[in-house]
Every structure is written in C-alpha cells, then in structure tokens.
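For the sequence shown, this note's numbering assigns the number 5 to the initial residue and increments by one for each residue that follows.
What follows is a short report on a single structure.
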Amino acid sequence: DTQPGVDIVIGPGTEIISCEGAIATAGAIDVHVHFDSAGLVEEAISSGITTMIGGGLGPVTVGITSSGPTNLARMLRAAEAFPMNFGFIGNG
C-alpha cells in the first residue's frame, strides 16, 4: 500500500522489505530500564520509545535484574497489558 501525498526518495542500496502480515514499530529502544514505576510505560511511549529492556522487580528494586522465575513470570504477565515491546533481564 502507499500513502497519498507521501514521496520518499530512496537510494540504489535501499532494501525494500515486505511487511505483509506484520506490524512495524519505528521508535527508540531504552536498554537500561528499572521497571519500578507504574507510569513508566506511558512516559516512554510519549517520548517515542517503543522497546524497553531491563528489570528491577523483586527484593532488589534498584537493580536492573529480576529476582528469580516467579517475579520474571509476573513481569511477563503484566507486560501483556501494554502496547510496548519488552525485554526482561533476569537472574536466579
């Protein structure tokens, strides 16, 4: 599909990728996130961030790792509610 009124000049080295059936989200990636604030995702989205990678749930809330499989599972479940790409760092 094309968007009316949008012309983009591309060079001969530009690779065109078919994204049929996929969702492409252009945006920034924050690779050092402490998931310890309820408003964190909304603030990130309004800043153009589409991917957040980090940790910080459990006894060590100032760290960027998640303590054990139980807390990591909780983070995975909670992340399903947000329009954001997540990466969680875990240990244990």
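Glycine is no exception: its CB is placed at the ideal position from the N, C-alpha and C atoms.
| Check | Outcome |
| --- | --- |
| Span of the alpha helix (DSSP H) around Ala32 | Here Ala32 belongs to no alpha helix (DSSP H); instead the beta strand (DSSP E) covers 32-38. |
| Met56 - containing beta strand (DSSP E), residue span | 53-59 |
| Pairwise C-alpha distance: Gly72 and Glu46 | 26 Å |
| Run of the alpha helix (DSSP H) containing Gly91, from where it starts to where it stops | Taken as a continuous stretch (DSSP letters only), Gly91 belongs to no alpha helix (DSSP H), being part of the beta strand (DSSP E) at 89-92. |
| Exposure label - Leu76; buried when at least 16 CB within 10 Å | buried |
| Thr74 in three-state terms, based on DSSP | helix |
| First and last residue of the uninterrupted alpha helix (DSSP H) at Ser50 | 44-50 |
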